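Take the sequence shown: its letter number 331 is residue 331 in my numbering, and every next letter is one higher. No residue lacks a Cβ here, since even glycine has one placed at the ideal position from N, Cα and C. This one's a predicted model, so the numbers in the text were calculated from it and none came from an experiment.
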Amino acid sequence: MTTPIYYPNDIPHIGHAYTTVLADVLARWYRLNGHDVFFLTGTDEHGLKLQRTAEKAGKTPKEFVDSMVPVFKKYWSLLEINYSRFIRTTDPDHEELVKKVFEELYSRGYIYKGKYSGWYCVSCEKFYSEGEYVEQGGQKLCPIHNKPLELVEEETYFLKLSALQEEVTRLIEEGGIVFPEGYAREILSRIKKEGLRDLSVARPKSRVYWGVELPFDRDYVAYVWIDALLNYLTGVGFMRDNNSFEKYWAEAHHIIGKDILWFHSAIWFSVLRMLGLSPPKRLIVHAYIVNRGLKMGKSVGNVVLIDDLVERYKSPDAVRYLLMRLLNLDKDVEFDQSLLDNIYNSELADTYGNLVRRAGVLAMRKLGGRVERAGPDPGLEQLSNSTVEKVGRLMQEVRVSEALSTVLDLLREANGYMNKTQPWSLEDPREPLYNVLEALRIATNLLYPVMPATAESLARAFGFQLRRVDRLAFGQVEAYSVSEAPILFEKVGKA
Ligand code: MSP
1 MTTPIYYPND IPHIGHAYTT VLADVLARWY RLNGHDVFFL TGTDEHGLKL
51 QRTAEKAGKT PKEFVDSMVP VFKKYWSLLE INYSRFIRTT DPDHEELVKK
101 VFEELYSRGY IYKGKYSGWY CVSCEKFYSE GEYVEQGGQK LCPIHNKPLE
151 LVEEETYFLK LSALQEEVTR LIEEGGIVFP EGYAREILSR IKKEGLRDLS
201 VARPKSRVYW GVELPFDRDY VAYVWIDALL NYLTGVGFMR DNNSFEKYWA
251 EAHHIIGKDI LWFHSAIWFS VLRMLGLSPP KRLIVHAYIV NRGLKMGKSV
301 GNVVLIDDLV ERYKSPDAVR YLLMRLLNLD KDVEFDQSLL DNIYNSELAD
351 TYGNLVRRAG VLAMRKLGGR VERAGPDPGL EQLSNSTVEK VGRLMQEVRV
401 SEALSTVLDL LREANGYMNK TQPWSLEDPR EPLYNVLEAL RIATNLLYPV
451 MPATAESLAR AFGFQLRRVD RLAFGQVEAY SVSEAPILFE KVGKA
């Protein structure tokens, strides 16, 4: 499971968290289903953008990125991102791999020297061709950053992507890799329209010194995007640890935003093919979080910081939940604080939190915390079991937001059951409480990938174990020992 490796030119915002949390949720989900998951994230540290940012900050590029990496790690740890490796493109094993790969591509005849001239966006680290850029007042602007493009004319090395056009087209047409399908069609129509053109994959050191030197020409460094894509191979041990590579590469799941789809499909699939490697198993693409209609980003000035949300909801788990509740692979979603407040209050505080609190208090007050198994309520039993199955199906299709709604339906039903059976008024409330606790246990277990700390602390407070998803059957717990009735989520006021 991989995330894009982020540019550490600035601190990450909730757009980056959107992708990273999704990848973590999927990694945890698969682990919960008994899979061995290697989860890779990291930073993309070379290139002109970083070189200039460091210059402005009065630091060397290496000093600058060294100062940013702990910041990324701090945010990922705050959001409970449980990665297996945090890869940096300045890691020695990665730089070595980039050199080996360039050597290999060169010796296979896929790299040739030529002259290039084009319009470059430093923020995107890519060239834009006519029709792609915006023309305004005689200037050429980047369609994403709205900043002037720079004219670059130089001798460079090209990667012969054109040689792979047919193969890559077929690969994408066969389907199954690029997900959701709509993005595959987008790529195919772009290939059809403009073809798969050879790509400039080198930069003269005189202009861009901050990169991996090319083994066959020391006056050049590798284009930052090829350098970056190769992290996915370094991360699982390509050319270094064959066992690991064989085990993980065949199952690679890349999670990306739609802004970098072309690089991760047309270009990446070609490079892999040139190296004789299989494509990733799945390329999962999501749309943007937008704010006031524009993609959240530093240059637009509409960024919402991770800290803003963690401070507001006082719980990293709640932030993860809200981001996943917004998740939409196909369509951009607008950031709307009052919508998030409503979801938080009604789903987390009023439904989930309230049920936990009520069940916990009653179990302790009425039964001294010990709730033994009692007859299953057929309605709750059936709904719990079908929820497990449905959530499994939805997660397979990365419909995380719907999976969460499905769990919420179960919790609402359990709240209703509680109101109906009124355990507080019963002499012996064992049966209704046991049934509510079973529904809560199953819901909590299903919520674990999204809210791991909450699930673990509730499992401790109520005395149950988190299990594999195929082993959740309703009615299996013999007895609960409730030692605490935590208030999981405090309501928030008006924004
Ligand atoms: N360094 C490259 C990626 C190289 S991967 C081999 C890069 N970095 S980035 O820092 O710009 O991160 C881009 C990614 O961050 C997007 O693809 C997406 O996953 C995430 N997002 C950044 N802003 C976002 C939104 N406003 N909305 C959704 N995702 C966002 O590109």
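Does the ligand MSP have even one heavy atom less than 8 Å from the beta-carbon of residue 409? Checking every heavy atom of the ligand MSP against the Cβ of residue 409, none is found closer than 8 Å.
Is residue 181 buried or exposed, if buried means 16 or more other CB atoms sit within 10 Å of its CB? By the Cβ-count criterion, residue 181 is exposed, with fewer than 16 other Cβ atoms from all chains shown falling within 10 Å of its own Cβ.
Is any heavy atom of the ligand MSP found at a distance shorter than 8 Å from the C-beta of residue 225? Yes, the ligand MSP has a heavy atom inside 8 Å of this Cβ.
From what residue to what residue does the alpha helix (DSSP H) around residue 452 run? It spans 452 to 462 - the alpha helix (DSSP H) in which residue 452 sits, taken as one unbroken run.
Straight-line Cα distance separating residue 26 from residue 395: Here the C-alpha atom of residue 395 lies approximately 8 Å from the C-alpha atom of residue 26.
Go through its chain and collect everything with a Cβ distance to residue 390's Cβ below 6 Å, but skip five positions before and after it. Non-local C-beta neighbours of residue 390 in its own chain, meaning closer than 6 Å and more than five positions away in sequence, comprise 406, ordered along the chain.
Could you check the C-alpha separation between residue 250 and residue 46 for me, to the nearest Å? In this model, residue 250 and residue 46 are separated by some 28 Å (Cα to Cα).
Using DSSP's beta-bridge definition, name the partner residues of residue 290. Residue 290 pairs with 295 and 334.
Using C-beta distances below 7 Å, list every residue in its chain close to residue 566, excluding the 5 sequence neighbours before and after it, in chain order. Nothing about residue 566 can be reported from this structure: the residues present for the chain run from 1 to 495 only.
Given residue 307 as reference, the closest of 15, 124 and 179 once Cα atoms are compared: For residue 307, the nearest C-alpha among the options comes from 15.
Once the 5 residues before and after residue 19 are set aside, which same chain residues still bring their CB inside 8 Å of it? Excluding positions up to five away in sequence, the list reads 3, 4, 255, 256, 257 and 286.
Starting from residue 442, trace the alpha helix (DSSP H) in both directions and tell me its first and last residue. Run containing residue 442: 430 to 447, per the alpha helix (DSSP H) assignment.
Beta carbon of residue 363 nearer than 9 Å to that of residue 462: Yes; because the gap between Cβ atoms is below 9 Å, this pair is in contact.
Residue 280 lies in the alpha helix (DSSP H); which residues open and close that run? For residue 280, no alpha helix (DSSP H) segment is defined, and its DSSP state is neither H nor E.
Taking the continuous alpha helix (DSSP H) assigned at residue 16, which residues delimit it? Element bounds for residue 16: 14 to 32.
Cβ contact check for the stretch 437 to 451 and the stretch 376 to 389: 3 or more pairs under 8 Å: These segments touch.
Are the stretch 126 to 134 and the stretch 163 to 182 in contact at 8 Å, needing three or more beta carbon pairs? In short, these stretches do not touch, since the Cβ pair count stays below three.
Can you tell me whether residue 378 is buried or exposed, with buried defined as 16 or more other CB within 10 angstroms of its CB? Under this definition residue 378 is an exposed residue.
Contact between the stretch 102 to 115 and the stretch 328 to 338 is defined here as three or more beta-carbon pairs at a separation below 8 Å; is this criterion met? Per the Cβ contact rule, the stretch 102 to 115 is not in contact with the stretch 328 to 338 (fewer than 3 Cβ pairs under 8 Å).
Three-way DSSP call (helix, strand, coil) for residue 309 in this model: Secondary structure of residue 309 (DSSP, three-state): helix.
beta-carbon residue 147 near the ligand MSP non-hydrogen atom, thresh 8 Å: Result no, Cβ not under 8 Å from the ligand MSP.
Would you check if the distance between the CB atom of residue 532 and the CB atom of residue 198 is smaller than 9 Å? Lying before the first or after the last residue shown, residue 532 is absent from the chain, which here runs from 1 to 495.
Kindly indicate which three-state DSSP category residue 46 falls into: helix, strand or coil? Coil, per DSSP.
Kindly examine the ligand MSP and report whether one of its heavy atoms sits closer than 8 Å to the Cβ of residue 4. Yes, since a heavy atom of the ligand MSP falls inside the 8 Å radius drawn around the Cβ of residue 4.
Confirm the yes/no value for this check: CB of residue 35, any heavy atom of the ligand MSP, distance under 8 Å. The answer is no for residue 35.
Under the rule that 16 or more other beta-carbon atoms within 10 Å means buried, what is residue 97, buried or exposed? Residue 97 is buried by the Cβ-count criterion.
Would you kindly work out how many angstroms separate the C-alpha atoms of residue 189 and residue 288, rounded to a whole number? Straight-line spacing of the CA atoms in residue 189 and residue 288 works out to 21 Å.
Start and end residues, beta strand (DSSP E) containing residue 114: 111 to 121 is the extent of the beta strand (DSSP E) around residue 114.
Please report the residue range of the beta strand (DSSP E) in which residue 156 lies. Residues 150 to 159.
First through last residue of the beta strand (DSSP E) which encompasses residue 140: DSSP places residue 140 in the uninterrupted beta strand (DSSP E) bounded by 139 to 141.
Under the DSSP definition of a beta bridge, which residues are partnered with residue 136? According to DSSP, which records beta bridges pairwise, residue 136 is partnered with 139.
Taking 9 Å as the threshold (C-beta atoms), are residue 419 and residue 376 in contact? Cβ distance not < 9 Å, so residue 376 and residue 419 don't count as in contact.
Nearest by alpha-carbon distance to residue 229: which of 295, 64 and 272 is it? Out of 295, 64 and 272, 272 has the C-alpha closest to the C-alpha of residue 229.
Alpha carbon to alpha carbon, how far is residue 383 from residue 303? Spanning the two alpha carbons is a distance of roughly 40 Å.
Between the CA atoms of residue 446 and residue 458 - distance to the nearest angstrom: Rounded to the nearest whole angstrom, the C-alpha separation of residue 458 and residue 446 is 13 Å.
Rounded C-alpha distance that separates residue 467 from residue 32: Distance between the alpha carbons of residue 467 and residue 32: 7 Å.
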